[in-house]
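Asker:
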Amino acid sequence: MKKQPPLLVSQNSEGFSVIVRGKWVKESVPLLQSAFTSLTCKPHASYTFDFSSIETFDTHGIMLLLHHIKKLEKEYCIVQTTGASDAFKTLFSICQTHYPHEVPRPKKERMVLSFLENVGRTMMEGYKTLASFFSFTGELSHAIGALFFKPANIRLKATLYHIEQSGAGAIPIILLTSFLIGVVIAYQGASQLEKFGANIFIVEMITISAVRELAPLLTAIVVAGRSASSYTAQIGVMKLTDEIDAMSSMGFSPWNFLVLPRLFALIISLPLLVFFADVVSTFGGMVIASTRLDVSFVEFIDRIKETVALKHLVIGLVKAPIFGCIIATIGCFRGFQITSNTESVGKYTTISVVNAIFWVIAMDALISVFLTELKL
Numbered sequence: 295m296k297k298q299p300p301l302l303v304s305q306n307s308e309g310f311s312v313i314v315r316g317k318w319v320k321e322s323v324p325l326l327q328s329a330f331t332s333l334t335c336k337p338h339a340s341y342t343f344d345f346s347s348i349e350t351f352d353t354h355g356i357m358l359l360l361h362h363i364k365k366l367e368k369e370y371c372i373v374q375t376t377g378a379s380d381a382f383k384t385l386f387s388i389c390q391t392h393y394p395h396e397v398p399r400p401k402k403e404r405m406v407l408s409f410l411e412n413v414g415r416t417m418m419e420g421y422k423t424l425a426s427f428f429s430f431t432g433e434l435s436h437a438i439g440a441l442f443f444k445p446a447n448i449r450l451k452a453t454l455y456h457i458e459q460s461g462a463g464a465i466p467i468i469l470l471t472s473f474l475i476g477v478v479i480a481y482q483g484a485s486q487l488e489k490f491g492a493n494i495f496i497v498e499m500i501t502i503s504a505v506r507e508l509a510p511l512l513t514a515i516v517v518a519g520r521s522a523s524s525y526t527a528q529i530g531v532m533k534l535t536d537e538i539d540a541m542s543s544m545g546f547s548p549w550n551f552l553v554l555p556r557l558f559a560l561i562i563s564l565p566l567l568v569f570f571a572d573v574v575s576t577f578g579g580m581v582i583a584s585t586r587l588d589v590s591f592v593e594f595i596d597r598i599k600e601t602v603a604l605k606h607l608v609i610g611l612v613k614a615p616i617f618g619c620i621i622a623t624i625g626c627f628r629g630f631q632i633t634s635n636t637e638s639v640g641k642y643t644t645i646s647v648v649n650a651i652f653w654v655i656a657m658d659a660l661i662s663v664f665l666t667e668l669k670l
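Written out as structure tokens, the structure reads:
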């Protein structure tokens, strides 16, 4: 008796009919593979596989069937199955689920198109961030305005706590930084003024540059590095642990409890820190002026009284609350941007410090240009 082939292919008006017969197991794979030579692949044709005549099967036979079915599907053929037993359907479904998929080759990126895509994506992200920031500052302004009608809602203890943490905690680093800035200005000025015998002008150089520009700017940068990152991390962790949602659900305003105490703390503490930095940086300059240029402390102070206008000190102190408002707003805003994963805490903490320092420097430049135009 002649052995029947494992595949019987016939064509009808609806397409091709493929009857699968025999043993579809590991030992028969070479014979089964050669049987597929009778199965021609015509694009967009219809193929119906009949599994009712299969005697035995295992994963090797089914994976071979799947391999050739996938080849037909790549040619946009319509493949249907019929006559399968429950056991065959179960194993066929498992093999189909775990069938290895081809990894598509990465498309070659064109430099110009990739650059334009990155520019567009960056602009869209910047637009979304800007819109979110305006929304945040609008709600913050509303919360501040509401306090004028209900001053009792001001959380005085929380504000004092943040003044201690953000203000008093920054004194040691500001002390060291300000003293070194005064020393550097005096050293650089002394080497130039000695050439012209104008030693006494070191007083104006140190005092005006320190109290008007350098002390407020460097104090704000130090506070931005400490407080902006701290505010972002604290609010971000509270958001990750759903404390902010719990606070809102209990009727407590996150603005009154989280944002406003931090904002008021920096607005109050930064002018005090700047005044402290003014004194220390001036003292550092006095030390170098005394040792390098023979300008005594008494002469230095008398020269300040005679030639240095009070407006320079006032301008530096006026900048301080503006810088404090910028640092606190950015730090809190980035904290609320943190999403539900710990990686975003580090990401937005870094971004908040960079943004705060940048906008402090930018605002200082704008104020300097504005005051120069006003002849102040």
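Residues in the sequence shown are numbered consecutively from 295, following the numbering used here.
Ideal Cβ positions, reconstructed from N, Cα and C, are used throughout, including at glycine.
#1: Alpha carbons only, please: which of Y393, T501 and L665 is nearest the one belonging to D596?
#2: Grab me the residues of I515's own chain with a C-beta within less than 6 Å of its C-beta, minus the 5 sequence neighbours each way, in chain order.
#3: Out of G625, L557, K336 and F569, which one is the CA nearest neighbour of L604?
#4: Quick test of your reading: G629 and I529, contact by CB under 8 Å. State the CB separation rounded to the nearest angstrom.
#5: Could you say which of A452, V608, D352 and L566 lies nearest to G618 if we only look at CA atoms?
#6: Roughly how many angstroms lie between the CA atoms of V612 and I475, to the nearest whole one?
#7: Would you report the Cα separation of T636 and L534, rounded to the nearest angstrom?
#8: Buried or exposed, going by whether 16 or more other CB atoms sit within 10 Å of the CB of L487?
#9: What does the Cβ neighbour count give for D572, buried or exposed, with the cut at 16 atoms within 10 Å?
#10: Have a look at I438 and N493 and give me their C-alpha separation to the nearest angstrom.
#11: Is the beta carbon of D344 closer than 9 Å to that of G309?
#12: Apply the 10 Å Cβ neighbour rule to N306 and answer buried if 16 or more other Cβ atoms are within range, or exposed otherwise.
#13: Can you round the beta-carbon distance between T431 and T623 to whole angstroms, since I take them to be within the 8 Å contact cut?
#14: Are the region 441 to 458 and the region 654 to 665 touching by the rule of at least three beta carbon pairs closer than 8 Å?
#15: Assuming T601 and V497 make a contact with CB atoms under 8 Å, what is their CB distance in whole Å?
#16: For the alpha helix (DSSP H) that E498 lies in, which residues bound it at each end?
#17: Is it the case that the region 641 to 649 contacts the region 517 to 527, given that we only count it when at least three CB pairs across the two stretches are under 8 Å?
#18: Starting from K533, trace the alpha helix (DSSP H) both ways and give me its first and last residue.
#19: Determine the direct distance from the alpha carbon of D352 to that of E321, and round the result to whole angstroms.
#20: With burial defined as no fewer than 16 other Cβ atoms inside 10 Å of the residue's Cβ, what is the status of P445: buried or exposed?
#21: Which stretch, first to last residue, makes up the alpha helix (DSSP H) that contains S304?
#22: Could you name the residues of the same chain whose beta carbon sits closer than 7 Å to that of F594, not counting the 5 residues immediately before and after it, in chain order?
#23: Going by DSSP, what residue range makes up the alpha helix (DSSP H) through Y481?
#24: Quick one, are the C-beta atoms of A559 and V647 less than 9 Å apart?
#25: My guess is that L326 and W318 are in contact by the Cβ rule of under 8 Å, so how many angstroms apart are they, rounded?
#26: What are the boundary residues of the beta strand (DSSP E) that includes Q374?
#27: Look at the alpha carbon of P337 and the alpha carbon of K368, and state the distance between them as a whole number of angstroms.
#28: If V553 and C626 are in contact, beta carbons under 8 Å, what's the gap, nearest whole angstrom?
#29: Taking 8 Å as the cut-off, is the beta-carbon of A484 closer than that to any non-hydrogen atom of the ligand COA?
#30: Work out the CA separation of A614 and I479 for me, nearest whole Å.
#31: Please tell me whether Y341 and L360 are closer than 9 Å, where the distance is taken between their beta carbons.
#32: Could you compute how far the alpha carbon of G420 sits from the alpha carbon of L564?
#33: Determine the closest residue to S332 out of T471, S379, K599 and L302, with distance taken between C-alpha atoms.
#34: Where I609 and V663 are concerned, what is the direct C-alpha to C-alpha distance, given to the nearest angstrom?
#35: Taking buried to mean at least 16 other C-beta atoms within 10 Å of its own C-beta, is I671 buried or exposed?
#36: Using the three-state DSSP reduction, which class does T633 fall into: helix, strand or coil?
Answerer: Checking against the coordinates, here is how it stands:
#1: Among Y393, T501 and L665, the Cα nearest to that of D596 is on T501.
#2: Once the five neighbours on either side are set aside, the close Cβ partners of I515 are I651.
#3: Considering only G625, L557, K336 and F569, the residue with the shortest C-alpha distance to L604 is F569.
#4: A Cβ-Cβ distance of about 3 Å is found for the pair G629 and I529, placing them in contact under the 8 Å criterion.
#5: Per the Cα distances, L566.
#6: Spanning the two alpha carbons is a distance of roughly 21 Å.
#7: Going from the Cα of T636 to the Cα of L534 covers about 8 Å.
#8: Result: buried.
#9: When all chains shown are included, D572 counts as buried.
#10: If you draw a straight line from the Cα of I438 to the Cα of N493, it comes to about 50 Å.
#11: No, Cβ-Cβ distance for G309 and D344 is not below 9 Å.
#12: Exposed, by the Cβ-count rule.
#13: Yes, T431 and T623 are in contact; Cβ-Cβ is about 7 Å, under 8 Å.
#14: The region 441 to 458, when compared against the region 654 to 665, does not touch it at the 8 Å Cβ threshold.
#15: Rounded, the Cβ-Cβ distance is 7 Å, consistent with contact.
#16: Per DSSP, E498 belongs to the alpha helix (DSSP H) from I496 to I502.
#17: Yes: the two stretches touch, three or more of their Cβ pairs being nearer than 8 Å.
#18: Per DSSP, K533 belongs to the alpha helix (DSSP H) from S523 to L534.
#19: D352 has its alpha-carbon roughly 10 Å from the corresponding atom of E321.
#20: The residue is exposed, with fewer than 16 neighbouring Cβ atoms inside 10 Å.
#21: Segment L301 to N306 is the beta strand (DSSP E) holding S304; no alpha helix (DSSP H) there.
#22: Contacts found: V497, M580 and A583.
#23: From DSSP, the alpha helix (DSSP H) with Y481 extends over I465 to F490.
#24: Annotated as distal: A559 and V647, with beta-carbon spacing of 9 Å or more.
#25: L326 to W318, Cβ: 6 Å. Contact.
#26: For Q374, the enclosing beta strand (DSSP E) has its first and last residue at I372 to T376.
#27: Straight-line Cα distance between these residues: approximately 9 Å.
#28: A Cβ-Cβ separation of about 5 Å places V553 in contact with C626 under the 8 Å criterion.
#29: Although the ligand COA was asked about, the structure shown includes no ligands whatsoever.
#30: Answer to the nearest angstrom: the Cα atoms are 21 Å apart.
#31: L360 is positioned such that its CB atom lies no closer than 9 Å to that of Y341.
#32: Between G420 and L564, the alpha-carbon positions lie close to 29 Å from each other.
#33: Measuring from the Cα of S332, the nearest candidate turns out to be L302.
#34: Rounded to whole angstroms, I609 to V663 spans 13 Å at the Cα level.
#35: This structure cannot settle anything about residue 671, because the visible part of the chain is limited to 295 through 670.
#36: It is coil, neither helix nor strand.
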